[in-house]
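Student:
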Amino acid sequence: MIAELEGQVISSAVIPEIHYHGVLAELPIGKIQNILERVDLRLLQCEQVMFFQPMGQAEILVSGVEPLLEEAVPSQEASFLQGETPVVALLDGLPLENHPCLAGRLIVDDPDGWSREYQARERKHGTAMASLIIHGDLENREPPLTRPIYVRPVMKPNPLDFNDPRAEEMPWDCLPVDLLHRAVKRIFEGEGGEKPQAGNIKIINFSIGDKNRPFDRVMSPLARLIDWLAWHYNVLVLVSGGNQRDDLVLDASREQVVSMAPEVLEEKVLQAVVKYARQRRLLSPAEAINALTVGATHEDTCNNFYTGYSLNPCVTKGMPSPLNPVGLGYRRTIKPEILMPGGKQLYQERYTGSGTETKMGIVVSPGRPPGQKVAWPGPNRGISQSVAFTCGTSNATALATRTAAQLYEYIVRELRSEPGGEQLKDQHIGVLLKALLVHGAEWGEAYRRFEHLFRTPRNAQTFKEFAARFFGYGRVNTERLFGCTEQRATLIGCGQLGDGQAHIYRVPLPPSLSGRRDNRRLIITLAWFTPINIGHQAYRRAALWFEPPLGPLGVQRQDAHWQAVRRGTVQHEVLEGEKAVAYTDGSFMEIKVNCRADAGQLSNQVPYGLAVTLAVKEGVNLPIYQEVRERIALLVPVLPT
Numbered sequence: 045m046i047a048e049l050e051g052q053v054i055s056s057a058v059i060p061e062i063h064y065h066g067v068l069a070e071l072p073i074g075k076i077q078n079i080l081e082r083v084d085l086r087l088l089q090c091e092q093v094m095f096f097q098p099m100g101q102a103e104i105l106v107s108g109v110e111p112l113l114e115e116a117v118p119s120q121e122a123s124f125l126q127g128e129t130p131v132v133a134l135l136d137g138l139p140l141e142n143h144p145c146l147a148g149r150l151i152v153d154d155p156d157g158w159s160r161e162y163q164a165r166e167r168k169h170g171t172a173m174a175s176l177i178i179h180g181d182l183e184n185r186e187p188p189l190t191r192p193i194y195v196r197p198v199m200k201p202n203p204l205d206f207n208d209p210r211a212e213e214m215p216w217d218c219l220p221v222d223l224l225h226r227a228v229k230r231i232f233e234g235e236g237g238e239k240p241q242a243g244n245i246k247i248i249n250f251s252i253g254d255k256n257r258p259f260d261r262v263m264s265p266l267a268r269l270i271d272w273l274a275w276h277y278n279v280l281v282l283v284s285g286g287n288q289r290d291d292l293v294l295d296a297s298r299e300q301v302v303s304m305a306p307e308v309l310e311e312k313v314l315q316a317v318v319k320y321a322r323q324r325r326l327l328s329p330a331e332a333i334n335a336l337t338v339g340a341t342h343e344d345t346c347n348n349f350y351t352g353y354s355l356n357p358c359v360t361k362g363m364p365s366p367l368n369p370v371g372l373g374y375r376r377t378i379k380p381e382i383l384m385p386g387g388k389q390l391y392q393e394r395y396t397g398s399g400t401e402t403k404m405g406i407v408v409s410p411g412r413p414p415g416q417k418v419a420w421p422g423p424n425r426g427i428s429q430s431v432a433f434t435c436g437t438s439n440a441t442a443l444a445t446r447t448a449a450q451l452y453e454y455i456v457r458e459l460r461s462e463p464g465g466e467q468l469k470d471q472h473i474g475v476l477l478k479a480l481l482v483h484g485a486e487w488g489e490a491y492r493r494f495e496h497l498f499r500t501p502r503n504a505q506t507f508k509e510f511a512a513r514f515f516g517y518g519r520v521n522t523e524r525l526f527g528c529t530e531q532r533a534t535l536i537g538c539g540q541l542g543d544g545q546a547h548i549y550r551v552p553l554p555p556s557l558s559g560r561r562d563n564r565r566l567i568i569t570l571a572w573f574t575p576i577n578i579g580h581q582a583y584r585r586a587a588l589w590f591e592p593p594l595g596p597l598g599v600q601r602q603d604a605h606w607q608a609v610r611r612g613t614v615q616h617e618v619l620e621g622e623k624a625v626a627y628t629d630g631s632f633m634e635i636k637v638n639c640r641a642d643a644g645q646l647s648n649q650v651p652y653g654l655a656v657t658l659a660v661k662e663g664v665n666l667p668i669y670q671e672v673r674e675r676i677a678l679l680v681p682v683l684p685t
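Sequential numbering from 45 applies to the sequence shown in the working numbering.
(1) Is Cys-639 near Leu-594, with beta carbons less than 7 Å apart?
(2) For the candidate residues Asp-260, Gly-170, Lys-403 and Pro-357, whose alpha-carbon lies nearest to that of Asp-295?
(3) Check whether the Cβ atoms of Leu-223 and Val-198 lie closer than 7 Å to each other.
(4) Could you have a look at Pro-364 and say whether DSSP puts it in helix, strand or coil?
(5) Is the region 536-546 touching the region 575-582, taking contact as three or more C-beta pairs under 8 Å?
(6) Rounded to the nearest angstrom, what separates Trp-216 and Val-132 at their Cα positions?
(7) In this structure, does DSSP put Ile-252 in helix, strand or coil?
(8) How would you write the range of the alpha helix (DSSP H) that Ala-479 sits in, first residue to last?
(9) Would you kindly work out how many angstroms separate the C-alpha atoms of His-605 and Tyr-374, rounded to a whole number?
(10) Using the Cβ count rule (16 or more neighbours within 10 Å means buried), how would you classify Asn-368?
(11) Run the CB neighbour count on Leu-497, radius 10 Å, all protein chains shown included, and call it buried at 16 or more, exposed below.
(12) Please state the DSSP three-state secondary structure of Met-173.
(13) For Tyr-517, count neighbouring Cβ atoms within 10 angstroms of its own Cβ and tell me buried if that reaches 16, exposed if not.
(14) Is DSSP giving Pro-385 helix, strand or coil here?
(15) According to the neighbour-count rule (16 or more other Cβ atoms, all chains shown, within 10 Å of its Cβ), is Gly-527 buried or exposed?
(16) Please determine, among Thr-337, Ala-512, Ala-340 and Cys-358, the residue with the shortest C-alpha to C-alpha distance to Asn-687.
(17) List the DSSP bridge partners of Met-633.
(18) Taking the straight line between their C-alpha atoms, what separation do you get for Thr-61 and Gln-581?
(19) Using the Cα positions of Val-660 and Leu-273, report the straight-line distance between them to the nearest angstrom.
(20) Ends of the beta strand (DSSP E) at Ala-340?
(21) Taking the straight line between their C-alpha atoms, what separation do you get for Val-482 and Gly-399?
(22) Starting from the C-beta of Pro-209, find all residues in its chain whose C-beta is less than 6 Å away, skip the five residues before and the five after it, and write them out in chain order.
(23) Alpha carbon to alpha carbon, how far is Gly-488 from Ile-455?
(24) Which partner residues does Glu-486 have in the DSSP bridge list?
(25) Kindly indicate which residue of Thr-506, Leu-535, Ile-406 and Gly-484 has the alpha-carbon position closest to the one of Arg-289.
(26) Ignore the nearest five residues each way along the sequence and tell me which others in Ala-641's own chain have a CB closer than 6 Å to its CB.
(27) Could you give the DSSP three-state label for Thr-402: helix, strand or coil?
(28) Is it buried or exposed for Asn-184, if we count other Cβ within 10 angstroms and need 16 for buried?
(29) Is the beta carbon of Thr-377 closer than 7 Å to that of Arg-519?
(30) Which residue or residues does DSSP assign as beta-bridge partners of Ala-586?
(31) Considering Lys-229, what are the terminal residues of the alpha helix (DSSP H) in which it resides?
(32) Where do the N-terminal and C-terminal ends of the alpha helix (DSSP H) with Asp-271 fall, by residue?
(33) Give the DSSP-derived three-state secondary structure of Cys-435 in the structure shown.
(34) Out of Gly-663, Leu-476, Thr-437 and Arg-149, which has the shortest C-alpha to C-alpha gap to Gly-286?
(35) I want to check one thing, is the minimum distance from the CB of Ile-536 to the heavy atoms of the ligand ZN below 6 Å?
(36) May I have the straight-line CA-CA distance separating Glu-453 from Pro-188, to the nearest angstrom?
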């Protein structure tokens with residue numbers, strides 16, 4: 045049929061595990077116009093053709109570029125573990141390997157020889173992502189990761205782009221699903237008789253959204269593939285929600301907008317985001333249920349910056365960025381699950397609004413902060429070592445990847461040496477990292493501002509589910525993930541369950557809290573990787589869940605709605621209270637982790653990770669950590685049923 049239209053097949057791929065058969069074909073432009081205008085063509089009437097799709101690409105929003113100053117180069121004397129294998133894989137554009145911020149810290153695997161098609165000044169997205177993963181925001185001067193990261197280019201410059209530099213995108217002559225499948229399989233199994241390229245990988249960063257495929261209730265092939273890869277290889281895949289570049293339409297005249305107080309402008313911006321939420325959907329593959337999808341907060345470390353004619357849309361700390369997509373995901377799962385800083389994106393008035401409305405568009409190149417400072421190729425052929433200020437959900441995903449890598453080191457170098465640490469087996473690390481990342485999430489001050497603006501008596505019963513579309517589980521408080529304090533104890537566990545099985549965890553209650561009215565917080569996070577059933581509407585084969593123990597500590601649910609948290613592959617419960625509850629020393633609360641089949645038969649054992657934190661406010665002189673530690677060294681399943 046393609047030949048009848050004077051076309052040719054460029055590539056094809058079959059992946060039975062996700063019921064995928066894709067054909068990449070090239071047709072004359074006149075024939076494509078016929079396809080758009082007619083429905084009686086055999087190609088359109090063929091029952092085996094489910095949908096047509098153009099190719100997608102990634103983008104990064106650049107605020108400005110400046111030369112790399114010597115004092116801005118991160119110290120190369122930071123502890124670097126020579127000979128250590130990478131645990132992070134970056135599937136992105138080709139980074140600038142000799143940039144001072146990246147030199148010696150990358151293992152680039154380029155089996156297709158795409159580096160020959162890249163000019164140095166075109167290596168933008170991969171360079172920025174690698175910089176954020178290794179160093180974080182360069183403004184913060186944080187210690188770099190101690191391991192190299194594995195990089196596999198899956199984007200390259202578009203040969204048909206006549207701009208200079210050319211845009212990076214997934215190649216037009218190969219299927220994205222096939223490319224990603226081959227790239228990940230090469231990591232863990234090798235390719236063409238070669239050995240696995242990086243078999244110790246626990247975290248994959250894939251921040252390439254398809255703007256031509258916003259989520260619309262049906263799982264995309266790319267999302268299905270990521271779900272299968274995460275399950276099959278027990279690896280945590282982090283994906284970005286996708287940047288929303290549409291103009292913000294504010295319900296105010298331009299005269300009002302330019303003279304508004306910052307808090308009023310923020311209110312108008314949030315109203316615009318809420319009003320047009322249906323047009324700001326997730327970009328494929330952000331709907332993948334085994335992956336962690338990351339959104340951005342309007343946040344960076346640039347506090348004093350010149351806006352000129354631009355406007356800063358948000359001022360509340362931790363507020364979701366206007367660049368974010370609005371969830372939910374497949375079958376109303378919470379997506380994106382977590383938020384991380386994604387830079388302060390400025391906006392500027394468009395001169396196309398009406399007298400009562402003002403359109404605000406993204407400012408791409410003011411040449412200065414704000415934004416997150418990253419390594420960047422220079423603008424000229426002779427200058428290849430610069431930094432830039434960038435924003436976006438890809439940035440937030442890179443920072444989440446960095447945090448996951450730091451958590452990996454914390455687990456294998458510290459927690460495994462604790463009593464019971466031998467239970468933190470290698471096959472559970474990926475899902476445990478997933479649980480821990482979400483465990484640090486909370487709605488916080490930004491949600492209270494959002495609630496004040498949009499909660500009404502009419503929507504009070506459903507407001508939390510509505511808010512989760514914007515906040516997910518919230519911004520990750522990374523400080524809470526590493527270690528404990530005298531007033532905070534965190535316990536972790538992991539295991540695997542089959543259909544109808546359960547593990548019961550008994551968590552000791554600190555005696556000093558008995559009978560007191562001090563505010564206490566209990567956070568419980570359960571995460572798992574599920575096998576998938578492509579032919580079943582429920583899709584998710586394994587449903588895991590727990591009932592939060594409200595009574596023993598007198599706490600009540602906060603943040604996300606209790607039904608919403610059970611639809612995906614992460615259940616994150618935040619519970620608070622200050623009711624005095626008396627109990628004796630030796631008392632405990634039980635957390636029962638259950639498993640059942642959800643989409644047809646479940647014949648596999650499902651890996652899961654669990655994190656539990658009990659805390660009182662800092663400054664309350666109660667030895668929570670010490671009392672819990674004395675009664676349990678590490679959370680373990682004590683009563684399998």
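For glycine and all other residues, C-beta sits at the position ideal for the given N, C-alpha and C. Only a predicted model underlies this, so the values are computations on that prediction, with no experimental measurement involved.
Tutor: The relevant details are as follows:
(1) With contacts defined as CB atoms closer than 7 Å, Cys-639 and Leu-594 fail to qualify as a contacting pair.
(2) Taking only the C-alpha atoms, the option nearest Asp-295 is Lys-403.
(3) For Leu-223 and Val-198, yes; Cβs fall inside 7 Å.
(4) In the displayed model, Pro-364 falls within a strand according to three-state DSSP.
(5) No, because fewer than three Cβ pairs between the region 536-546 and the region 575-582 fall closer than 8 Å, the two stretches do not touch.
(6) Trp-216 and Val-132: Cα-Cα distance of roughly 27 Å.
(7) Here Ile-252 sits in coil by DSSP.
(8) That run of the alpha helix (DSSP H) goes 473-483.
(9) Computed Cα separation, rounded: 17 Å.
(10) If you draw a 10 Å sphere on the C-beta of Asn-368, you find 16 or more other C-beta atoms in it, and that means buried.
(11) By the neighbour-count rule (16 or more Cβ atoms within 10 Å), Leu-497 is not buried but exposed.
(12) Note: Met-173 maps to helix in three-state DSSP.
(13) Around the beta-carbon of Tyr-517, 16 or more other beta-carbon atoms lie within 10 Å, marking it buried.
(14) DSSP, reduced to helix, strand and coil, places Pro-385 within a strand of the structure shown.
(15) Gly-527 comes out exposed.
(16) Nothing in the structure corresponds to residue 687, since the chain is present only between 45 and 685.
(17) Answer is Val-551, bridged to Met-633.
(18) The sequence as given places Glu at residue 61; Thr does not occur at that position. If you take the alpha carbons of Glu-61 and Gln-581, they lie about 16 Å apart.
(19) So the two alpha carbons sit approximately 39 Å from each other.
(20) Per DSSP, Ala-340 belongs to the beta strand (DSSP E) from 336-341.
(21) Taking the straight line joining both Cα atoms gives about 44 Å.
(22) These residues qualify, in order along the chain: Arg-165 and Glu-166.
(23) CA-CA distance, Gly-488 to Ile-455, rounds to 27 Å.
(24) Glu-486 is bridged to Arg-519.
(25) Residue Ile-406 is the option with its Cα nearest to Arg-289.
(26) Short of 6 Å from the beta carbon of Ala-641, and not among the five residues preceding or following it, lie these beta carbons of its own chain, in chain order: Asp-543.
(27) In the structure shown, the three-state DSSP call for Thr-402 is strand.
(28) Flag for Asn-184 reads exposed.
(29) For Arg-519 and Thr-377, no; Cβs fall outside 7 Å.
(30) Bridge pairing for Ala-586: Ala-641 [DSSP].
(31) Where Lys-229 is concerned, the enclosing alpha helix (DSSP H) stretches over 220-233.
(32) That run of the alpha helix (DSSP H) goes 265-277.
(33) Three-state result, Cys-435: strand.
(34) Per the Cα distances, Thr-437.
(35) Questions concerning the ligand ZN fall outside what the structure shown contains, since it holds no ligand whatsoever.
(36) The alpha-carbon atoms of Glu-453 and Pro-188 are separated by roughly 13 Å.
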